[in-house]
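There are 2 protein chains.
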Amino acid sequence: MSVAVENFVKAIYKNGKSNNNDTKPGNIAKELGISNAAATDMAKKLAVKDLINYEKYQELKLTDKGTKMALNVVRKHRLWEALLFKLFDMSLHDIHREAELLEHQTSDLLANKISEYLGNPKFDPHGDPIPNANGEITTTDTSISLSNTKEGKQYIISRLMSDDKEFFDFCSQNGLKYGNTVLVSKQFSSNKMTQISINNNTILLNEDFTSIIYVNEQD
Amino acid sequence: MSVAVENFVKAIYKNGKSNNNDTKPGNIAKELGISNAAATDMAKKLAVKDLINYEKYQELKLTDKGTKMALNVVRKHRLWEALLFKLFDMSLHDIHREAELLEHQTSDLLANKISEYLGNPKFDPHGDPIPNANGEITTTDTSISLSNTKEGKQYIISRLMSDDKEFFDFCSQNGLKYGNTVLVSKQFSSNKMTQISINNNTILLNEDFTSIIYVNEQD
DNA sequence: TAAAATATTTAAGCTTACTTAAATTTTATT
DNA sequence: AATAAAATTTAAGTAAGCTTAAATATTTTA
Numbered sequence: 001m002s003v004a005v006e007n008f009v010k011a012i013y014k015n016g017k018s019n020n021n022d023t024k025p026g027n028i029a030k031e032l033g034i035s036n037a038a039a040t041d042m043a044k045k046l047a048v049k050d051l052i053n054y055e056k057y058q059e060l061k062l063t064d065k066g067t068k069m070a071l072n073v074v075r076k077h078r079l080w081e082a083l084l085f086k087l088f089d090m091s092l093h094d095i096h097r098e099a100e101l102l103e104h105q106t107s108d109l110l111a112n113k114i115s116e117y118l119g120n121p122k123f124d125p126h127g128d129p130i131p132n133a134n135g136e137i138t139t140t141d142t143s144i145s146l147s148n149t150k151e152g153k154q155y156i157i158s159r160l161m162s163d164d165k166e167f168f169d170f171c172s173q174n175g176l177k178y179g180n181t182v183l184v185s186k187q188f189s190s191n192k193m194t195q196i197s198i199n200n201n202t203i204l205l206n207e208d209f210t211s212i213i214y215v216n217e218q219d
Numbered sequence: 220m221s222v223a224v225e226n227f228v229k230a231i232y233k234n235g236k237s238n239n240n241d242t243k244p245g246n247i248a249k250e251l252g253i254s255n256a257a258a259t260d261m262a263k264k265l266a267v268k269d270l271i272n273y274e275k276y277q278e279l280k281l282t283d284k285g286t287k288m289a290l291n292v293v294r295k296h297r298l299w300e301a302l303l304f305k306l307f308d309m310s311l312h313d314i315h316r317e318a319e320l321l322e323h324q325t326s327d328l329l330a331n332k333i334s335e336y337l338g339n340p341k342f343d344p345h346g347d348p349i350p351n352a353n354g355e356i357t358t359t360d361t362s363i364s365l366s367n368t369k370e371g372k373q374y375i376i377s378r379l380m381s382d383d384k385e386f387f388d389f390c391s392q393n394g395l396k397y398g399n400t401v402l403v404s405k406q407f408s409s410n411k412m413t414q415i416s417i418n419n420n421t422i423l424l425n426e427d428f429t430s431i432i433y434v435n436e437q438d
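If you're matching them up, the sequences are chains S and F in order. Residue numbering for the first sequence is 1 to 219, as defined by the working numbering. Residue numbering for the second sequence is 220 to 438, as defined by the working numbering.
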């Protein structure tokens, strides 16, 4: 399938999981940087191909076939991120951008080779789960956002859910990395700020950050 | 630039080096699997972009800008082949097919990272030279085709110039691999066949094969 | 709950990269 | 050198994936 189609189903999948859970054409259009009209147009075309269910003015819903396609692309994206992260010294943001292109030009065979080479990893360098060859995500995510953590407890960073360059630059400068340990020293519930300690540094994060950094409680 | 444009200048570059040295639209069209009309069309468009010099009914000539673009794509193609060959157990034909797609979705940054990771190799797994980041091929190719070798001498395989699956299958089954040694036991000039010995096996090759297998004399 | 704001859809049109068919030019052949 | 064959070019048309503008429906808010 074309790049435009793959990106369209991927955007529906992604927005269905977050982004206000809104998969109406306007939100998908914003995600993809195209006009609302183009999104409606594409939605109708993909309904004919049985990739989405389309009803006027309603949310776009992926069919099983569409979900499978989205997960196949997501798998390739995350495998590329994992491979590039392992082999090369590149920023997470750059890695994301390369993967965004490579994901559409990767055969299932190559994806499987990459997976095998990496030891069939369950997560990419952001902590996002990598679907298996059948398009299934077998891991159950028990992580919570930093904004929902408790004062005085230690957590391990499990996901950095963003593709923004500024965010990654900030994270890498401050040791906010998949697998690292943070201590939540204070929750300022009034203004939704969170104070954390990491590598002997104290950082104050606002909700823009704490809502997309996911962690697991340290045993 | 678009995939179609990149493939077009690449085809001119490639056909200019071999394929009867014919870069007229018809031959480029055949190379790309498009109609002659489409090739003429594209030629005119690329002339406007100063990628080729176009004169009616004449050969298509790459400008400096066009040559640079072609070499940039060739560099990425060959770097991908080298990387996939190193990391994964895949046939040369499969590797070629993947590289054919990946080459268009690779930033210069990533290409340089791949090159660095591989130790800035000068050749890909077919023995084809890899242009450097400036689009220069610094190595001088002294190899000759198997059809031009002398009886009784030993040669080292330096290039397998094809992207045909059957050819690669035959080669890998018979030890015809980049870097391997062959003894030319007999040249049948009458019917343009060449008899070689490799791994204690004797093989008789016709000109279809001997013209695309390149070798260097063993010192 | 009616008006205002917002979002979606429809309609018309554009560009890229093709296609086939017909016209024209070049190349090969005798 | 004339004619036949082959290649190139021109012309007209198509599909994908967009655009903007206008029409229509939904959602918000006062």
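Every residue gets a Cβ at the ideal spot worked out from N, C-alpha and C, and that includes glycine.
- For the options F:GLU322, F:ASN331, F:GLU317, F:ALA330, the alpha carbon positioned closest to that of ALA111 (chain S) is the one of F:GLU317.
- Among the residues of chain F, those whose CB is under 7 Å from the CB of SER107 (chain S) are GLU317, following chain order.
- When C-alpha distances from PRO129 (chain S) are compared across S:PRO25, S:ALA38, S:HIS77, S:ASP164, the shortest belongs to S:HIS77.
- For the region 75-97 of chain S, the beta-carbon criterion of a distance under 8 Å to any beta-carbon of chain F is satisfied by LEU84, LEU87, PHE88, ASP89, MET90, ASP94, ARG97.
- Runs of the alpha helix (DSSP H) spanning 4 or more residues and lying entirely within the region 40-115 of chain S occur at 64-87, 92-102, in chain order.
- Secondary structure at SER409 (chain F): coil, using DSSP grouped into helix, strand and coil.
- When CB distances to chain F are screened at a threshold of 7 Å, not a single residue of the region 49-61 of chain S falls below it.
- Residues of the region 132-150 of chain S whose Cβ lies closer than 8 Å to any Cβ of chain F: none.
- A straight line joining the alpha-carbon of GLU166 (chain S) with that of ASN239 (chain F) spans about 52 Å.
- Straight across, the Cα-Cα distance linking PRO340 (chain F) with SER334 (chain F) is about 7 Å.
- Judged by DSSP secondary structure, THR429 (chain F) falls within the alpha helix (DSSP H) whose first and last residues are 426-429.
- Exclusion of the five residues before and after PRO131 (chain S) leaves LEU71, VAL74, ARG75, ILE137 as the residues of its chain whose Cβ lies within less than 7 Å of its Cβ.
- Put simply, of F:GLN437, F:LEU365, F:HIS323, F:THR286 the residue whose alpha carbon is nearest the alpha carbon of MET412 (chain F) is F:LEU365.
- The beta carbon of GLY398 (chain F) sits closer than 7 Å to those of ILE375, ILE376, all from its chain and outside the five residues before and after it, given in chain order.
- In this structure, the beta-carbon distance from SER35 (chain S) to ALA29 (chain S) falls below 8 Å.
- Looking at F:ALA352, F:THR358, F:ASP313, F:ASN435, the one whose alpha-carbon comes closest to that of LYS372 (chain F) is F:ASN435.
- C-alpha of LEU379 (chain F) to C-alpha of PHE227 (chain F): approximately 23 Å in a straight line.
- Along the region 326-343 of chain F, going in chain order, the ones with a CB nearer than 9 Å to a CB of chain S are SER326, LEU328, LEU329, LYS332, ILE333, GLU335, TYR336.
- DSSP places LEU183 (chain S) within a strand segment (E or B) once states are collapsed to three.
- Counted as a single uninterrupted DSSP element, the stretch harbouring GLU136 (chain S) is not any alpha helix (DSSP H), since DSSP gives it neither H nor E.
- DSSP places GLN437 (chain F) outside both helix and strand once states are collapsed to three, so it counts as coil.
- In the structure shown, TYR374 (chain F) adopts extended strand secondary structure according to DSSP, grouped into three states.
- Under the 8 Å criterion on CB atoms, LEU204 (chain S) is classed as non-interfacial with respect to chain F.
- For LYS177 (chain S), there is no enclosing alpha helix (DSSP H), as DSSP marks it with neither H nor E.
- Around the beta-carbon of THR202 (chain S), fewer than 16 other beta-carbon atoms lie within 10 Å, marking it exposed.
- For the pair LEU87 (chain S) and LEU79 (chain S), the Cα-to-Cα distance works out to about 12 Å.
- Residue pairing for PHE123 (chain S): DSSP places it in a beta bridge opposite S:PRO129.
- For the 8 Å CB-CB criterion, ILE231 (chain F) and LEU279 (chain F) form a contact.
- Under the three-state reduction of DSSP, LEU337 (chain F) is assigned to coil, being neither helix nor strand.
- When Cβ-Cβ separations below 8 Å define contact, LEU102 (chain S) makes contact with chain F.
- A direct Cα-to-Cα measurement between ILE431 (chain F) and HIS315 (chain F) gives close to 16 Å.
- Residue pairing by DSSP places THR149 (chain S) in no beta bridge whatsoever.
- In the displayed model, ASN239 (chain F) falls within a helix according to three-state DSSP.
- In the structure shown, the three-state DSSP call for ILE231 (chain F) is helix.
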